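Everything below concerns the one structure shown next.
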Amino acid sequence: MLLFGIDLDYLAFGVLFCVGLYMVVAKSNLIKKVLGLNVMQTAVFALLVTSGMIDGADPPVRTEATSAPFANPLPQAMVLTGIVVAVALTAVALALIVQIHADYGTIEVDELKEAP
Amino acid sequence: MTWGDALPWLVALPWTGAVLTRALGARGPRMAGGLAWAFLIATAALAVGPVTEVARHGAFSYAVGGWAAPYGVELRFDHFSAWVLPLTLLFVLVVPFSFRYLEGTLPLERQAPFYALLLLNAGAMIGFTISADLFNLFVFMEVVSLSSYALVAIAGRGLAAWAALKYLLIGGVASTLMLLGVTFVFVLTGSLNLADVSARFAAGVDAAPAATAIALLATSFLVKAALFPLHVWLPDAHAIAPSPVSAVLSGMVVKIGVVGLIRLYQLAYGSSAFEMAGLNTLLVWAGAIAIVTGAFLAMVQNDIKLMLAYSTISNVGYIVMGLALASPYAAIGGVVHVFNHALIKVTLFLAAGALIHHTGFRTLTDLRGVARAMPYTSAAMAIGAISIVGLPPTAGFVCKWYIALGAFQAGQAGFGLALVFGALLIFVYYVRLLNALYFKPAVHAAVRDASEVPWSMRAPMLLAALACLVMGVLGGVPLSFVEPAVLDMLPAWGP
Amino acid sequence: MRSVAVRSAALILVVVLIGVPLVVTVATLPAHGEADAPVHAAVADRYVEHGVAETGMPNLVTAVLLDYRGFDTFVEVVVVFAALMAVLALPRGDLDQDGTPETGGDALGASDSPVEVSPIVFYVVRTLAPFIALFAVAMLYRGHASPGGGFQSAAVLAALFVVLTLILGRRRTERLLLRRARPWLEGAAPLAFALVGAAGMLLGGTFLSRPGTVDVHLVQETMGFALEIGIAVGGAVILARLFLTVER
Numbered sequence: 000m001l002l003f004g005i006d007l008d009y010l011a012f013g014v015l016f017c018v019g020l021y022m023v024v025a026k027s028n029l030i031k032k033v034l035g036l037n038v039m040q041t042a043v044f045a046l047l048v049t050s051g052m053i054d055g056a057d058p059p060v061r062t063e064a065t066s067a068p069f070a071n072p073l074p075q076a077m078v079l080t081g082i083v084v085a086v087a088l089t090a091v092a093l094a095l096i097v098q099i100h101a102d103y104g105t106i107e108v109d110e111l112k113e114a115p
Numbered sequence: 000m001t002w003g004d005a006l007p008w009l010v011a012l013p014w015t016g017a018v019l020t021r022a023l024g025a026r027g028p029r030m031a032g033g034l035a036w037a038f039l040i041a042t043a044a045l046a047v048g049p050v051t052e053v054a055r056h057g058a059f060s061y062a063v064g065g066w067a068a069p070y071g072v073e074l075r076f077d078h079f080s081a082w083v084l085p086l087t088l089l090f091v092l093v094v095p096f097s098f099r100y101l102e103g104t105l106p107l108e109r110q111a112p113f114y115a116l117l118l119l120n121a122g123a124m125i126g127f128t129i130s131a132d133l134f135n136l137f138v139f140m141e142v143v144s145l146s147s148y149a150l151v152a153i154a155g156r157g158l159a160a161w162a163a164l165k166y167l168l169i170g171g172v173a174s175t176l177m178l179l180g181v182t183f184v185f186v187l188t189g190s191l192n193l194a195d196v197s198a199r200f201a202a203g204v205d206a207a208p209a210a211t212a213i214a215l216l217a218t219s220f221l222v223k224a225a226l227f228p229l230h231v232w233l234p235d236a237h238a239i240a241p242s243p244v245s246a247v248l249s250g251m252v253v254k255i256g257v258v259g260l261i262r263l264y265q266l267a268y269g270s271s272a273f274e275m276a277g278l279n280t281l282l283v284w285a286g287a288i289a290i291v292t293g294a295f296l297a298m299v300q301n302d303i304k305l306m307l308a309y310s311t312i313s314n315v316g317y318i319v320m321g322l323a324l325a326s327p328y329a330a331i332g333g334v335v336h337v338f339n340h341a342l343i344k345v346t347l348f349l350a351a352g353a354l355i356h357h358t359g360f361r362t363l364t365d366l367r368g369v370a371r372a373m374p375y376t377s378a379a380m381a382i383g384a385i386s387i388v389g390l391p392p393t394a395g396f397v398c399k400w401y402i403a404l405g406a407f408q409a410g411q412a413g414f415g416l417a418l419v420f421g422a423l424l425i426f427v428y429y430v431r432l433l434n435a436l437y438f439k440p441a442v443h444a445a446v447r448d449a450s451e452v453p454w455s456m457r458a459p460m461l462l463a464a465l466a467c468l469v470m471g472v473l474g475g476v477p478l479s480f481v482e483p484a485v486l487d488m489l490p491a492w493g494p
Numbered sequence: 000m001r002s003v004a005v006r007s008a009a010l011i012l013v014v015v016l017i018g019v020p021l022v023v024t025v026a027t028l029p030a031h032g033e034a035d036a037p038v039h040a041a042v043a044d045r046y047v048e049h050g051v052a053e054t055g056m057p058n059l060v061t062a063v064l065l066d067y068r069g070f071d072t073f074v075e076v077v078v079v080f081a082a083l084m085a086v087l088a089l090p091r092g093d094l095d096q097d098g099t100p101e102t103g104g105d106a107l108g109a110s111d112s113p114v115e116v117s118p119i120v121f122y123v124v125r126t127l128a129p130f131i132a133l134f135a136v137a138m139l140y141r142g143h144a145s146p147g148g149g150f151q152s153a154a155v156l157a158a159l160f161v162v163l164t165l166i167l168g169r170r171r172t173e174r175l176l177l178r179r180a181r182p183w184l185e186g187a188a189p190l191a192f193a194l195v196g197a198a199g200m201l202l203g204g205t206f207l208s209r210p211g212t213v214d215v216h217l218v219q220e221t222m223g224f225a226l227e228i229g230i231a232v233g234g235a236v237i238l239a240r241l242f243l244t245v246e247r
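Residue numbers (numbering that gives the first Met the number 0), protein chains in the order written: chain S, 0 to 115; chain V, 0 to 494; chain H, 0 to 247.
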């Protein structure tokens with residue numbers, strides 16, 4: 000939340016996104032690639048939720064205990080949906096990896112490339 | 000009740016069908032396929048209404064849940080959305096083809112999920128095409144992508160799973176890029192509705208993040224559309240998938256990326272806040288390279304499905320080049336080619352599937368002389384081949400002619416020549432194909448003694464081939480249909 | 000060896016080329032935290048000020064999810080359903096449709112549990128399980144007024160199912176999924192949205208609209224609950240099935 004002309008939180012999430020991208024691209028193990036995808040998605044979710052925050056705001060649930068200002072409810076709803084989508088994608092990816100392992104006995108890209 | 004009320008049902012109907020197909024489908028061998036077919040026919044019938052409505056009165060919107068945009072999700076049916084009608088009709092052709100095709104390959108308890116996946120895929124593509132909300136577009140794209148990954152792997156074992164996983168990883172990165180782009184747009188404007196965002200961009204916004212958002216969204220859509228150099232996932236995935244699935248993937252699913260690009264153009268040009276010339280130049284070059292390399296790589300393939308897959312890459316190049324040339328003829332040609340290529344590719348993949356299914360061979364050298372034994376299939380293949388080369392009485396001719404004209408109109412004659420060169424290369428490989436099928440003696444006994452496919456496979460194939468010829472003759476109809484929408488998009492286009 | 004180093008260097012270069020402009024741009028987005036940041040400009044005020052009155056839900060996030068942008072949630076539940084269809088459609092070797100090993104070779108041991116379970120774990124889980132389930136139901140019930148809702152409830156229920164399967168073995172927990180009704184339970188969420196959507200249209204509004212006049216307040220709440228229950232049940236069953244299918 001600190002500002003030195005740039006938003007440090009956003010910067011951190013941007014770097015996290017690139018770390019995830021590196022994992023997908025550079026790692027040889029298929030599960031690590033899928034994890035890299037998850038890291039990328041998490042970075043975007045974090046960016047989204049953080050953008051909706053207001054300094055000193057309460058969560059967007061209107062009860063007697065909470066008062067204005069409220070955090071923006073829209074990015075939170077978007078991230079809830081996004082998490083579910085990411086879970087679905089991971090599930091399908093893992094099922095495919097199980098299939099690959101059953102047939103080839105390996106989940107390393109280097110070894111898979113040499114398979115017949 | 001207006002036709003707007005039908006819009007959410009264009010999505011909800013096939014999806015309800017998917018749930019029912021899953022729940023009831025294991026009860027009998029034809030149950031799942033039959034249910035799926037019924038729901039798709041119903042959806043196609045329902046789609047006729049909005050298409051005639053937009054033809055008569057222009058684009059119309061629908062606020063889901065009664066909340067007006069930008070507070071709620073807006074569905075908008077414009078001339079480009081009319082694509083949903085040919086989309087569903089093509090599914091109506093592909094599904095019965097799958098009945099016999101998958102009989103030996105897929106056990107009964109996996110057929111129900113297969114047809115459910117097809118229905119989910121169709122409904123999501125329809126949803127993507129009619130949605131006017133960025134986040135809504137994202138989630139629809141995810142359903143399309145997820146079902147596509149599974150459909151690639153469905154009939155094979157490790158090799159198919161590996162091709163599907165590569166598709167998933169690349170597609171997953173693209174989807175995340177899309178979400179990041181939507182996030183950027185949201186942080187800059189606070190809104191997700193396409194028209195609202197366009198207006199807010201026009202009212203003034205930071206240039207660098209906004210341009211990055213457009214770039215992220217464009218990259219994501221172009222990966223899904225498999226434009227060079229982002230096409231690497233396509234050849235393996237489309238070649239390994241069972242042929243009806245390849246027809247759906249090459250014919251329809253890659254076009255979703257193109258629809259996304261069109262929506263992006265509408266957003267960017269509508270706001271006049273962006274200088275699109277840079278992106279357009281990049282896309283024209285990428286498209287031209289795709290045309291030529293796709294055609295060349297198709298030419299040197301022996302496997303018939305790999306040949307068709309590379310041909311898809313080439314044709315996506317045509318479409319994107321047409322859109323990016325930014326002149327009326329080119330853009331109209333590009334948009335109509337979305338539909339025409341879908342029709343032609345479905346014909347070709349169904350015919351290829353029929354050949355593979357009945358002879359057991361996939362390569363040109365092995366399939367020599369099959370025309371004698373399977374005349375209907377070969378005829379369908381031949382018509383598809385002539386269409387894709389772009390010879391006059393067929394569907395392919397008109398759009399490619401328009402794109403070439405558009406290249407000259409935009410003052411970029413060189414790219415028109417790329418198009419002609421690509422067409423010549425395609426001509427060469429389809430001559431090879433037809434030569435092998437018709438004029439060479441059969442090499443294998445299985446080919447010589449093959450029987451023609453049953454009518455559940457033959458009819459869809461022949462109907463699609465017939466449609467290729469009909470759309471060639473009636474070529475003017477889709478062109479004049481999309482013309483107002485394209486011209487609407489154009490005025491803000493930069494040089 | 001050298002080619003591996005070259006390949007790694009090339010990959011790092013690609014990521015840096017894409018990453019550096021991206022990170023720089025991300026950092027220059029309008030900073031968060033200010034109430035007048037552009038991100039709040041379009042829709043947030045209406046949700047915050049009128050959300051409770053218009054939707055009857057104090058939890059504004061649930062209001063956005065189920066009411067204002069209910070169509071997005073519809074597509075989301077279909078994403079999960081699609082994932083299950085995808086996993087079920089793939090060939091799964093020695094497993095039959097239900098994910099149980101065919102009766103020929105028994106892959107699970109006599110105790111039916113894939114891990115060695117200590118008595119402490121066994122006791123704790125079995126004692127807490129009903130309370131966890133109750134908590135999930137409570138989250139579902141209170142989802143419109145406090146943090147919670149269909150998805151959260153589904154996640155807790157599915158997690159409970161996973162833990163129970165780990166200690167009791169799949170044969171005993173599978174029965175929880177009600178084999179006969181299971182395909183319908185899996186599709187509960189998309190069906191709930193389709194039905195509520197149709198109801199909305201029949202009651203004179205648009206797809207997924209919920210009549211908001213005072214005397215049909217009950218109808219509005221019922222429709223909201225129907226969606227939440229559909230999401231919770233459908234989501235939990237699908238997640239449980241995904242676990243069973245991938246776990247061997």
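Idealized CB from N, CA, C, for every residue including glycine. It should be emphasised that the depicted structure is a prediction, and the values quoted were computed from it without experimental measurement.
Query                                                                                                                               : Result
Under 9 Å between C-beta atoms of Pro392/V and Leu468/V                                                                             : yes
Burial state of Pro28/V (16 or more Cβ within 10 Å)                                                                                 : exposed
Contact list for Tyr103/S against chain H, beta-carbon separation under 8 Å                                                         : The contacting residues do not exist; Tyr103/S stays about 13 Å from chain H at best.
Segment contact flag, the stretch 33 to 47 of chain S with the stretch 41 to 50 of chain H, C-beta cutoff 8 Å, min 3 pairs          : no
Whether Ala154/V touches Pro241/V by CB criterion (9 Å)                                                                             : yes
Test: Ile82/S CB closer than 9 Å to a CB of chain V                                                                                 : no
Neighbourhood of Phe12/S by C-beta distance below 8 Å, restricted to the same chain and skipping five residues each side            : Ala42, Val43, Ala45, Leu46 and Thr49
The stretch 221 to 233 of chain V / the stretch 307 to 326 of chain V touching (three or more Cβ pairs under 8 Å)                   : yes
is_contact[Met200/H, chain V] using C-beta, thresh 9 Å                                                                              : yes
Gly277/H to Arg240/H span [Cα, whole Å]                                                                                             : Nothing can be reported for residue 277/H: it is not among the residues displayed for chain H, which extend from 0 to 247.
Contacts around Ile106/S, its chain only, beta-carbon distance under 8 Å, and the 5 residues preceding and following it disregarded : Asn28, Leu29, Ile30, Ile96, Ile99 and His100
Cβ contact check for the stretch 55 to 70 of chain S and the stretch 168 to 188 of chain V: 3 or more pairs under 8 Å               : no
Status (buried if at least 16 other CB within 10 Å, exposed otherwise) for Ser270/V                                                 : buried
Residues that Arg45/H bridges to, as DSSP identifies them                                                                           : Note: Arg45/H sits in no beta bridge, so no partner.
Bridge partner(s) assigned by DSSP for Leu74/V                                                                                      : Tyr61/V and Ser130/V
C-beta atoms of Val204/V and Leu133/V nearer than 9 Å                                                                               : no
Below-9 Å beta-carbon distance, Leu111/S vs any chain H residue                                                                     : no
Straight-line gap, Asp95/H to Ser152/H (C-alpha atoms, nearest Å)                                                                   : Because Asp95/H carries a pLDDT of 46, less than 50, the predicted location of this residue cannot be relied on, and the following value inherits that uncertainty. Their backbone Cα atoms lie some 29 Å apart in a straight line.
Phe261/H and Val63/V closer than 9 Å at C-beta                                                                                      : Residue 261/H is absent from the structure shown; chain H starts at 0 and stops at 247.
Bridge partners - Val60/S, DSSP secondary structure assignment                                                                      : Asn58/H
Cβ contact (3+ pairs, closer than 8 Å) linking the stretch 190 to 198 of chain V and the stretch 8 to 15 of chain V                 : no
Sequence-distant residues of its chain with Cβ nearer than 6 Å to Gly147/H (five each side left out)                                : Met138 and Arg141
Helix, strand or coil at Gly415/V according to DSSP, with G and I counted as helix                                                  : helix
Short Cβ contact (9 Å threshold) for Glu246/H with Arg169/H                                                                         : yes
Residues, ordered as in the chain, of the stretch 40 to 53 of chain S that lie near chain C by beta-carbon distance below 9 Å       : Absent here is chain C; the protein component of the structure consists of chains S, V and H.
Assigned secondary structure, Ile12/S (DSSP; H/G/I helix, E/B strand, else coil)                                                    : Correcting the residue type first, residue 12/S is Phe in the shown sequence and not Ile. Three-state result, Phe12/S: helix.
Cβ of Phe242/H within 9 Å of any chain V Cβ                                                                                         : no
4 or more residues per run - each alpha helix (DSSP H) lying fully within the stretch 136 to 184 of chain H                         : 149 to 167 and 169 to 173
Beta carbon of Val86/H nearer than 9 Å to that of Val91/S                                                                           : yes
Where Pro69/V meets chain H, residues with beta-carbon distance less than 7 Å                                                       : Ala41 and Val42
Range of the contiguous alpha helix (DSSP H) that encloses Tyr67/H                                                                  : First-last for Tyr67/H: undefined, no H or E at that position.
Beta-carbon contacts of Ala87/S that lie in its chain and below 8 Å, excluding the five residues immediately before and after       : none
Closest by C-alpha distance to Pro440/V, when choosing among Gly368/V, Ile387/V, Asn434/V and Trp454/V                              : Gly368/V
Residues of its chain near Phe407/V, where Cβ-Cβ distance is below 8 Å and the 5 sequence neighbours each way are ignored           : Gly415
Assigned exposure category for Ser130/V - 16 Cβ within 10 Å defines buried                                                          : buried
Cβ-based burial, Gly126/V [other Cβ within 10 Å; buried from 16]                                                                    : buried
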